[in-house]
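Here the structure comes first, spelled out in structure tokens, and everything after it is commentary.
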DNA sequence: TCTGTTTTTAAAATCATTCTAAACTGTTGA
DNA sequence: TCAACAGTTTAGAATGATTTTAAAAACAGA
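Chains as they are written, first to last, in our numbering: chain G, 4 to 144; chain B, 4 to 144.
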């Protein structure tokens, strides 16, 4: 971690490596996203956070940025509910618990679930990735 | 299979067992859904099909029916893309290939993927189900 | 058949997300 | 340093899937 005094240097580096212009709003959002460990955020949550940090960023830019970050591999979009997108700052191989009542998403380390035999993908296709979502709730069995 | 002449008897039975009133539109939709093997449909697709079969069913009823059927376990909702819901007539334990370019969803038999060690669910929660989505595309590796 | 409850419906409303076109900012080269 | 252009941000409108509304229609039991 190299945040040697200059608060935006880490975010700046991340953007530079990704080939994205270091604009004011991208730098600010990158800080929120990547300087607090692994996170799962929706666009609305990120907007609330940036407002709380008194950054002026439009919702359109939040969406643009989340999508761009996903495209360059800085984020991973996790689809658990119709009509709401989560973005995960952990892009390494791993899976999720999804708490249906609260909407909470939790990482499961890649090696904590072992997927055995993966069947042959349909002809002409390549496996892009495997998503495993373990849906949990508070019901008594 | 007991479709002894009376075309709606199977659909009627399904609704009766589920405790849902056998209305004209529920019977018609149940026929479309359950008398053609395993299927994955969206609300719009089902609407198009019912129109093609010259049934008069509003889109609101299609949505109501798909949700009710899911609640009573006749259908399983599969979430693969933000902003579009698929309903699967196969409610047994199984998983899916999802073809990102075409939106095509294909079943993977439950025993064709072996999930090894499932980690302990978070305290106070029970595993509701495990969804595995194998995302495939046409890209050359 | 009558009556009360459920269901269906068209239309409006909602919600997350994307688009638009104009204003603004970052970068490059003179 | 500054002009000039491409890339970015923005407010607001637009979109698209889904849900809600409130009223009309259909179903079930007596």
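Built from N, CA and C at the ideal position, the CB exists for glycine as well.
No experiment lies behind these values; they were computed from the predicted model shown.
Residue i versus residue j - alpha carbon distance
i: residue 33 of chain B; j: residue 48 of chain B; result: 14 Å
i: residue 72 of chain B; j: residue 37 of chain B; result: 11 Å
i: residue 132 of chain B; j: residue 96 of chain B; result: 9 Å
i: residue 77 of chain G; j: residue 13 of chain G; result: 13 Å
i: residue 58 of chain G; j: residue 19 of chain G; result: 21 Å
i: residue 115 of chain B; j: residue 27 of chain G; result: 49 Å
i: residue 11 of chain G; j: residue 91 of chain G; result: 21 Å
i: residue 89 of chain G; j: residue 42 of chain G; result: 10 Å
i: residue 75 of chain B; j: residue 21 of chain B; result: 6 Å
i: residue 65 of chain G; j: residue 129 of chain B; result: 34 Å
i: residue 54 of chain B; j: residue 53 of chain G; result: 47 Å
i: residue 93 of chain B; j: residue 80 of chain B; result: 10 Å
i: residue 118 of chain G; j: residue 127 of chain B; result: 25 Å
Delimiting residues of the alpha helix (DSSP H) encompassing residue i
i: residue 65 of chain G; result: 62 to 74
i: residue 53 of chain B; result: 46 to 55
i: residue 16 of chain B; result: 12 to 21
i: residue 33 of chain G; result: 27 to 37
is_contact[residue i, chain G] using C-beta, thresh 9 Å
i: residue 117 of chain B; result: yes
i: residue 134 of chain B; result: yes
i: residue 108 of chain B; result: no
i: residue 65 of chain B; result: no
i: residue 125 of chain B; result: yes
Interface partners of residue i on chain G, CB under 9 Å
i: residue 94 of chain B; result: Neighbours of residue 94 of chain B on chain G: none; closest Cβ ~15 Å, over 9 Å.
i: residue 82 of chain B; result: 82, 83, 84, 85, 136
i: residue 120 of chain B; result: 115, 116, 117
Proximity test, Cβ basis, 9 Å: residue i and chain B
i: residue 73 of chain G; result: no
i: residue 6 of chain G; result: With a pLDDT of only 39 at residue 6 of chain G, under the threshold of 50, the placement of this residue in the model should not be trusted, and no figure is reported.
Delimiting residues of the beta strand (DSSP E) encompassing residue i
i: residue 79 of chain G; result: 79 to 84
i: residue 115 of chain G; result: First-last for residue 115 of chain G: undefined, no H or E at that position.
i: residue 88 of chain B; result: 87 to 91
i: residue 131 of chain B; result: 129 to 140
Per-residue contacts from residue i into chain B (C-beta, under 7 Å)
i: residue 128 of chain G; result: 102, 139, 140, 141
Chain-ordered chain G contacts of residue i [CB-CB under 8 Å]
i: residue 111 of chain B; result: 122
Contact list for residue i against chain G, beta-carbon separation under 7 Å
i: residue 131 of chain B; result: 103, 138, 139, 140
Contacts that residue i makes with chain B (C-beta to C-beta distance below 8 Å)
i: residue 88 of chain G; result: 85
Are at least three pairs of beta-carbons, each pair with one atom in the region 87 to 103 of chain G and one in the region 116 to 132 of chain B, less than 8 Å apart? In short, these stretches touch, since the Cβ pair count reaches three.
Count the CB pairs spanning the region 104 to 112 of chain G and the region 58 to 71 of chain G that are closer than 8 Å, and state whether there are at least three. With the cut-off at 8 Å, the region 104 to 112 of chain G and the region 58 to 71 of chain G do not touch.
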